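Peer 1: Under this note's numbering, the letters of the sequence shown match residues 106 to 359, in that order. Structure in structure tokens, see below.
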Amino acid sequence: MPPYDPSTFPPFAVTVDLVVLTVRRHALCALVVRRGESPFQGRWALPGGFVKADEDLGAAAARELVEETGLSAHDTAAPAVGNGAHLEQLATYGDPGRDPRMRVVSVAHLALAPDLPAPRAGGDANGARWAPVEDLLGPEGGYGRDGEHREPLAFDHAQILADGVERARSKIEYSSLATAFCPPAFTVGELRRVYEAVWGVVLDPRNFHRKVTGTPGFLVPSGGTTTRQGGRPAQLFRSGAATVLNPPMLRPEV
106 MPPYDPSTFP
116 PFAVTVDLVV
126 LTVRRHALCA
136 LVVRRGESPF
146 QGRWALPGGF
156 VKADEDLGAA
166 AARELVEETG
176 LSAHDTAAPA
186 VGNGAHLEQL
196 ATYGDPGRDP
206 RMRVVSVAHL
216 ALAPDLPAPR
226 AGGDANGARW
236 APVEDLLGPE
246 GGYGRDGEHR
256 EPLAFDHAQI
266 LADGVERARS
276 KIEYSSLATA
286 FCPPAFTVGE
296 LRRVYEAVWG
306 VVLDPRNFHR
316 KVTGTPGFLV
326 PSGGTTTRQG
336 GRPAQLFRSG
346 AATVLNPPML
356 RPEV
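Now the structure itself:
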């Protein structure tokens, strides 16, 4: 066998990009940052950065998540609890022309967390905000804040975002991942509004309550009630041990 010659292959960089989703004001929102440097200076993009030489992909994604949101990542085998986020690898994007600087392969990750505070820009970004997914992926194409000229997201981030949103929409059908958008103790009504925000539909409250409380291992009563939604006290639940829902919560056809 001839000796391996690494110079035979051209070098390229690896980045991680984050699709960070949360529910704010009953709408599914994604974290976007305004780029402060070239390329695409001034354009909105997903948060992310280059993978360091001494870290693996999961560590790089977790580092970027902390830097952008202050959240730590939880085990992907279970929904996040407390002050943290569910983080999982989404897909790899390696079109040779996706980055004008050089050949860059991005390993995108999906992060989900409950209602998060207003973000603060860091690194090479000069602005950060939560934007409704409906606006970012709208039929007009592109995104602009407060009357700005609408421009496409930088790089191939519109495709990455669309893939992340579809991953979230499909996974809450057959897993307990929707509880990652909820606080540790939540009502059935709050969980229903997560499904409505992620799927973009309106669900029948009674049918939804029957399905989620009748699915083994999905929800466990926490022993308390709350009036934070107004009206009569509502029972509080927490995520159960089930990670796969049987039967699944099928997405309504729209």
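The beta-carbon is built from N, C-alpha and C at its ideal position, and this holds for glycine as well. Since the model is a prediction, treat every value here as computed from it, not as a measurement.
If you pair each beta-carbon of the segment 150 to 158 with each one of the segment 115 to 127, do three or more pairs fall below 8 Å?
Peer 2: Yes, they touch.
Peer 1: Where P357 and V317 are concerned, what is the direct C-alpha to C-alpha distance, given to the nearest angstrom?
Peer 2: So the alpha carbons of these two residues sit roughly 15 Å apart.
Peer 1: In the DSSP assignment, what residue or residues form a beta bridge with L192?
Peer 2: Answer is A216.
Peer 1: Would R272 be called buried (16 or more neighbouring beta carbons within 10 Å of its own) or exposed?
Peer 2: Answer is buried; the Cβ neighbour count reaches 16.
Peer 1: Assuming H214 and A285 form a contact by the criterion Cβ under 8 Å, report the distance between their Cβ atoms to the nearest whole angstrom.
Peer 2: In fact, because the Cβ distance is near 14 Å, the residues do not count as touching under 8 Å.
Peer 1: Kindly indicate which residue of I265, S327 and Q146 has the alpha-carbon position closest to the one of Y198.
Peer 2: Ranking the options by Cα distance to Y198, first place goes to I265.
Peer 1: Should the segment 234 to 248 be regarded as contacting the segment 136 to 150, the criterion being three or more beta carbon pairs within less than 8 Å?
Peer 2: Yes, the segment 234 to 248 touches the segment 136 to 150.
Peer 1: To the nearest angstrom, report how far apart H131 and D309 are at their CA atoms.
Peer 2: Distance between the alpha carbons of H131 and D309 is about 16 Å.
Peer 1: Do Y248 and L350 have their CB atoms nearer than 7 Å?
Peer 2: Contact: no.
Peer 1: Report the option in P107, G141, R274 and P326 whose CA atom is closest to the CA atom of F291.
Peer 2: When each option's Cα is compared against that of F291, the closest is P326.
Peer 1: Note down the Cα distance separating P289 from R343, rounded to an integer number of angstroms.
Peer 2: Cα to Cα, P289 sits roughly 6 Å from R343.
Peer 1: Can you give me the Cβ contacts of A339 inside the same chain, cut-off strictly under 7 Å, excluding the 5 residues immediately before and after it?
Peer 2: Once the five neighbours on either side are set aside, the close Cβ partners of A339 are T292, G294, T330 and T331.
Peer 1: Could you tell me which uninterrupted alpha helix (DSSP H) segments, each at least 4 residues in length, are contained entirely in the segment 121 to 181, listed from first to last along the chain?
Peer 2: Complete alpha helix (DSSP H) runs here, min 4: 162 to 174.
Peer 1: So, L258 versus A216, is the Cβ gap smaller than 7 Å?
Peer 2: No, the pair does not count as a contact, with Cβ atoms beyond the cut-off.
Peer 1: Measuring CB to CB, does W304 end up less than 7 Å from R274?
Peer 2: Yes, they are a contact pair.
Peer 1: What number of angstroms, rounded off, separates the C-alpha of G322 from the C-alpha of A223?
Peer 2: If you take the alpha carbons of G322 and A223, they lie about 33 Å apart.
Peer 1: Just the Cα atoms here: how many angstroms apart are V212 and R337?
Peer 2: When rounded, the distance between both Cα atoms is 46 Å.
Peer 1: Under the rule that 16 or more other beta-carbon atoms within 10 Å means buried, what is L341, buried or exposed?
Peer 2: Counting Cβ neighbours within 10 Å, L341 comes out buried, since at least 16 surround it.
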